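In what follows, a structure is listed as structure tokens, so that the remarks can point back to it.
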Amino acid sequence: MSVAEPGDHDHLREYEESLTGFAEALQDLHIHCDAPTFREIETRAKAASRVTLSVSAISEALNGKRLPSIDFTLELVKQLAGDDPKLLQEWRQRWRLVKLRQRKAIPQLRAKKRSVIETRTLAPPDIENLRTQELQYHQKAELLREKVARLRAEAETTESLVNEAKAEAQRIIKAAKAEALDMRTKADAELIKVREHAAELLYAADEALRRSQTTSGEASPAARLGRCATLRVVLVGPPGAGKGVQAAFLAKYLGVPHASLGDMLRSNIVQGTRLGRTAKKLIEKGQLIPDEVVLAMTEDRLRQHDAQRGFLLDGAPRNVGQAVAMDEFITLDAVLDVEIPEEETFQRLTGRRVCRHDSSHVFHVVYNPAKSYDTCDLCCGMLYLREDDSEGVIRSRLDVYYSDTRPIIDHYRASGLVTTIHGLGKVHEVTERAMEALAGAIA
Ligand SMILES: [Zn+2]
904 MSVAEPGDHD
914 HLREYEESLT
924 GFAEALQDLH
934 IHCDAPTFRE
944 IETRAKAASR
954 VTLSVSAISE
964 ALNGKRLPSI
974 DFTLELVKQL
984 AGDDPKLLQE
994 WRQRWRLVKL
1004 RQRKAIPQLR
1014 AKKRSVIETR
1024 TLAPPDIENL
1034 RTQELQYHQK
1044 AELLREKVAR
1054 LRAEAETTES
1064 LVNEAKAEAQ
1074 RIIKAAKAEA
1084 LDMRTKADAE
1094 LIKVREHAAE
1104 LLYAADEALR
1114 RSQTTSGEAS
1124 PAARLGRCAT
1134 LRVVLVGPPG
1144 AGKGVQAAFL
1154 AKYLGVPHAS
1164 LGDMLRSNIV
1174 QGTRLGRTAK
1184 KLIEKGQLIP
1194 DEVVLAMTED
1204 RLRQHDAQRG
1214 FLLDGAPRNV
1224 GQAVAMDEFI
1234 TLDAVLDVEI
1244 PEEETFQRLT
1254 GRRVCRHDSS
1264 HVFHVVYNPA
1274 KSYDTCDLCC
1284 GMLYLREDDS
1294 EGVIRSRLDV
1304 YYSDTRPIID
1314 HYRASGLVTT
1324 IHGLGKVHEV
1334 TERAMEALAG
1344 AIA
């Protein structure tokens, strides 16, 4: 539907431009002549001339809608600016120029007119098509609206579900907190009972010591040991000999700290020291702590203020190499060798039952049985046999003890430091034995 052919396009544009210029000149003249209303001009012309200047025609001429006739143009100029022959001649000339351009553009104007008509005749099917499209869009829009409504409803449902879940979670947390508090209260009560029991045991042990002191006539082992300037003692013994328990009691009676390798490891790991970090990595890999780490931790511990007078070292040294290296930084007063038969090690360790809830809840099927066979008296957790306490593991622990640790006894015996006691019997009986042995060795 091209309006302009190549080459004759300019005629139409030139005509349209000249028409616009013509209309603008008329507007200028109108404004220059005090811009009378079109109605006024129409009335004036009606009275003075046979040429009709209608309001709509004046509007069309001033807006450049079409080129008015020469008579119309001259009459309009006359009505605006008065009967000035020179001005009228100018406008006649101006009109002719526009008219000339209009003539040249006639083929294009015709084509344009045709195309407008074609567009109009083509319109109905297009409109039909558009109507169909519009209808389709409406339908689509309707579907989308429904979808949005559906999604919104779903979102609301989801939100209410989430809210319900949140409320439920809060209820559960609240209940769990209450339960935990209850359990803690109960555990605290149990702990008090255990402490009271421990205090009773200690009292009994104290009593026994006092009795041994008064009956022996001479100064008691405790008194003799109390006069010693230093009490640097290493405890040695097979697994299950009760070194830890004895060390704890002896520490209390002798006023020197119980330095256990287990505690050193734990405190170094908790404090995140360089040694602790190294040890932690190795433990996590299931590897053995190397001698230099054991020695460094031990040296650190024994240099602490509370260990200046003495200590009860338990868990180190573990082999002759460590013992020799330790001689470099510490002079010992005694090595307490706690002996028990192998069967006893097995009976003691395989009889141990540990609580799944708390590994500090330890029972023994013979020495400290739980009230119910497999339930913890303290927290009702399940009791079980630790992997470490299974017969196979105990066998290999014993083998390591005899091959690696036992030889340190010979190393220390050479310096006359070793004193051996039997680890069998009640705890306080063994403690009394140990005190006697140490007093004999040191004091
Ligand atoms: Zn428990």
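Under my numbering, the final residue of the sequence shown carries the number 1346; numbering is consecutive throughout.
Glycine included, every Cβ here is placed at the ideal spot set by N, Cα and C.
Every value quoted in this text rests on a predicted model; they were computed, and no experiment measured them.
Would you say the beta carbon of D1307 comes nearer than 7 Å to a heavy atom of ligand 1? On the sequence shown, position 404 is the one that residue 1307 refers to. The answer is no for D1307.
Can you check the region 1207 to 1241 for any beta strand (DSSP E) of at least 3 residues that lies completely inside it and give the ranges in chain order? 1213 to 1217
I'd like to know whether the C-beta atoms of V1001 and L965 end up nearer to each other than 8 Å. Against the sequence shown, residue 1001 aligns to sequence position 98. Against the sequence shown, residue 965 aligns to sequence position 62. No; because the gap between Cβ atoms is not below 8 Å, this pair is not in contact.
The beta strand (DSSP E) with S1163 in it runs from where to where? Working through the sequence shown from its first residue, we reach residue 1163 at position 260. Element bounds for S1163: 1161 to 1163.
Residues near A938 in its chain [Cβ-Cβ closer than 6 Å; skip 5 each side]: One-based indexing of the sequence shown puts residue 938 at position 35. Closer than 6 Å at the Cβ level, and outside the excluded window around A938, lies no residue.
Span of the alpha helix (DSSP H) holding V865? Outside the modelled stretch of the chain, which goes from 904 to 1346, sits residue 865, for which no answer is possible.
Given 8 Å as the limit, is there contact between the region 1201 to 1213 and the region 1153 to 1161, that is, 3 or more CB pairs closer than that? yes
In chain order, each beta strand (DSSP E) run of at least 3 residues that lies wholly inside the region 1083 to 1145: 1134 to 1139
Between the CA atoms of E1339 and D1222 - distance to the nearest angstrom: Within the sequence shown, numbered from 1, the residue matching residue 1222 stands at position 319. Within the sequence shown, numbered from 1, the residue matching residue 1339 stands at position 436. Before going on, a small fix: residue 1222 reads as Asn here, not Asp. Cα to Cα, N1222 sits roughly 27 Å from E1339.
D1261 Cβ short of 7 Å to ligand 1 heavy atom set: Stepping through the sequence shown from its first residue, residue 1261 is reached at position 358. Indeed, a heavy atom of ligand 1 lies less than 7 Å from the Cβ.
For the alpha helix (DSSP H) that V1269 lies in, which residues bound it at each end? Here residue 1269 refers to the residue found at position 366 when the sequence shown is read from its first residue. Note, V1269: premise wrong, no alpha helix (DSSP H); not H, not E.
Kindly indicate which three-state DSSP category L970 falls into: helix, strand or coil? Within the sequence shown, residue 970 is the residue found at index 67, counting from 1. The answer is coil: DSSP assigns L970 none of H, G, I, E or B.
With distances taken Cα to Cα, identify the nearest neighbour of W994 among A928, Q1225, V1265, R1013. Reading the sequence shown from its first residue, position 91 is the one you call residue 994. Answer by Cα proximity: A928.
Which whole-angstrom value describes the C-beta separation of M1167 and R1135, a residue pair presumed to lie in contact below a C-beta threshold of 8 Å? Numbered from 1 along the sequence shown, position 264 holds the residue referred to as residue 1167. Numbered from 1 along the sequence shown, position 232 holds the residue referred to as residue 1135. No, M1167 and R1135 are not in contact; Cβ-Cβ is about 16 Å, not under 8 Å.
Suppose the cutoff is 8 Å on Cβ atoms and the five residues either side in sequence are ignored; what does the same chain contact list for C1282 look like? Looking up residue 1282 in the sequence shown gives position 379. Result list for C1282: M1086, K1089, A1090, E1093, C1258, H1260, D1261, H1264, in chain order.
Span of the beta strand (DSSP E) around R1255: Walking along the sequence shown from the start, residue 1255 turns up at place 352. Unbroken beta strand (DSSP E) run through R1255: 1255 to 1258.
Is it true that the CB of G1143 sits closer than 8 Å to the CB of R1251? Position 348 of the sequence shown, counted from the start, is the residue given in the question as residue 1251. Position 240 of the sequence shown, counted from the start, is the residue given in the question as residue 1143. Taking 8 Å as the Cβ cut-off, R1251 and G1143 qualify as a contacting pair.
Tell me whether H1264 counts as near ligand 1, meaning its Cβ is closer than 7 Å to at least one heavy atom of that ligand. On the sequence shown, position 361 is the one that residue 1264 refers to. Result yes, Cβ under 7 Å from ligand 1.
Decide if Y918 is buried, meaning its Cβ has at least 16 other Cβ atoms within 10 Å, or exposed. Locating residue 918 in the sequence shown gives position 15, where the first residue counts as 1. Buried: at least 16 other Cβ atoms inside 10 Å.
Y1287 (DSSP reduced to helix, strand or coil): Here residue 1287 refers to the residue found at position 384 when the sequence shown is read from its first residue. Of the three classes helix, strand and coil, the one that applies to Y1287 here is strand, per DSSP.
Rounded to whole angstroms, what's the CA-CA distance from Q1341 to L1128? Just pull it up for me. The residue you call residue 1341 lines up with position 438 of the sequence shown. The residue you call residue 1128 lines up with position 225 of the sequence shown. Correcting the residue type first, residue 1341 is Leu in the shown sequence and not Gln. Approximately 8 Å, taken between the alpha carbons.
Of the choices Q982, K968, Q930, whose alpha-carbon is the least far from that of T955? Along the sequence shown, one-based indexing puts residue 955 at 52. The shortest Cα separation from T955 among Q982, K968, Q930 belongs to Q982.
Please determine, among H935, K989, A926, L979, the residue with the shortest C-alpha to C-alpha distance to F941. Here residue 941 corresponds to residue number 38 of the sequence shown, with the count starting at 1. Checked all of H935, K989, A926, L979; the closest Cα to F941 is L979.
Identify the residues that DSSP records as bridge partners of H933: which are they? Numbered from 1 along the sequence shown, position 30 holds the residue referred to as residue 933. BP columns for H933 are empty, so no partner.
Note down the Cα distance separating E1335 from A1108, rounded to an integer number of angstroms. The count along the sequence shown starts at 1 and reaches residue 1335 at position 432. The count along the sequence shown starts at 1 and reaches residue 1108 at position 205. Cα-Cα distance, rounded: 9 Å.
Which listed residue (R1256, Y1270, T1322, G1284) has its alpha carbon closest to that of D1291: Mapped onto the sequence shown, residue 1291 falls at position 388. Of the candidates R1256, Y1270, T1322, G1284, the one whose C-alpha sits nearest the C-alpha of D1291 is R1256.
Would R1130 pass as a contact of A1346 if the rule is Cβ separation under 8 Å? The sequence position of residue 1130 within the sequence shown is 227, counting from 1. The sequence position of residue 1346 within the sequence shown is 443, counting from 1. Yes, they are a contact pair.
Who are the Cβ neighbours of G1145 in its own chain at under 6 Å, not counting the five residues just before and after it? As a working mapping, residue 1145 is identified with position 242 in the sequence shown. Taken in chain order, the residues that qualify are G1326.
What number of angstroms, rounded off, separates the C-alpha of E1067 from the C-alpha of R1055? Counting from 1 along the sequence shown, the entry for residue 1067 is found at position 164. Counting from 1 along the sequence shown, the entry for residue 1055 is found at position 152. So the alpha carbons of these two residues sit roughly 18 Å apart.
Whole-angstrom Cβ separation of A1344 and T1323, contact assumed at under 8 Å? Your numbering for residue 1344 matches position 441 in the sequence shown. Your numbering for residue 1323 matches position 420 in the sequence shown. A1344 to T1323, Cβ: 10 Å. No contact.
Burial state of S1163 (16 or more Cβ within 10 Å): For the purposes of this step, residue 1163 is identified with residue 260 of the sequence shown, where counting begins at 1. Looking at its Cβ environment, which holds 16 or more other Cβ atoms inside 10 Å, S1163 is buried.
Using the rule of at least 16 other Cβ atoms within 10 Å of the residue's Cβ for burial, across every protein chain shown, is Q1005 buried or exposed? Here residue 1005 corresponds to residue number 102 of the sequence shown, with the count starting at 1. By the neighbour-count rule (16 or more Cβ atoms within 10 Å), Q1005 is buried.
L1281 Cβ short of 7 Å to ligand 1 heavy atom set: Taking the sequence shown and counting its residues from 1, one reaches residue 1281 at position 378. Yes; taking the cut-off as 7 Å, the Cβ of L1281 has a heavy atom of ligand 1 nearer than that.
Could you give the C-beta distance for L1320 and V1197, rounded to a whole number, given that I count them as a contact under 8 Å? As a position in the sequence shown, residue 1320 is number 417, starting the count at 1. As a position in the sequence shown, residue 1197 is number 294, starting the count at 1. Their Cβ separation, rounded to whole angstroms, is 20 Å, which puts L1320 and V1197 out of contact at 8 Å.
Which complete alpha helix (DSSP H) runs does the region 944 to 1025 hold, if anything under 4 residues is left out? 958 to 965, 973 to 984, 988 to 1007
Would you identify the three-state DSSP class for S1275, choosing helix, strand or coil? What you label residue 1275 is simply residue 372 of the sequence shown in a count that begins at 1. Strand.
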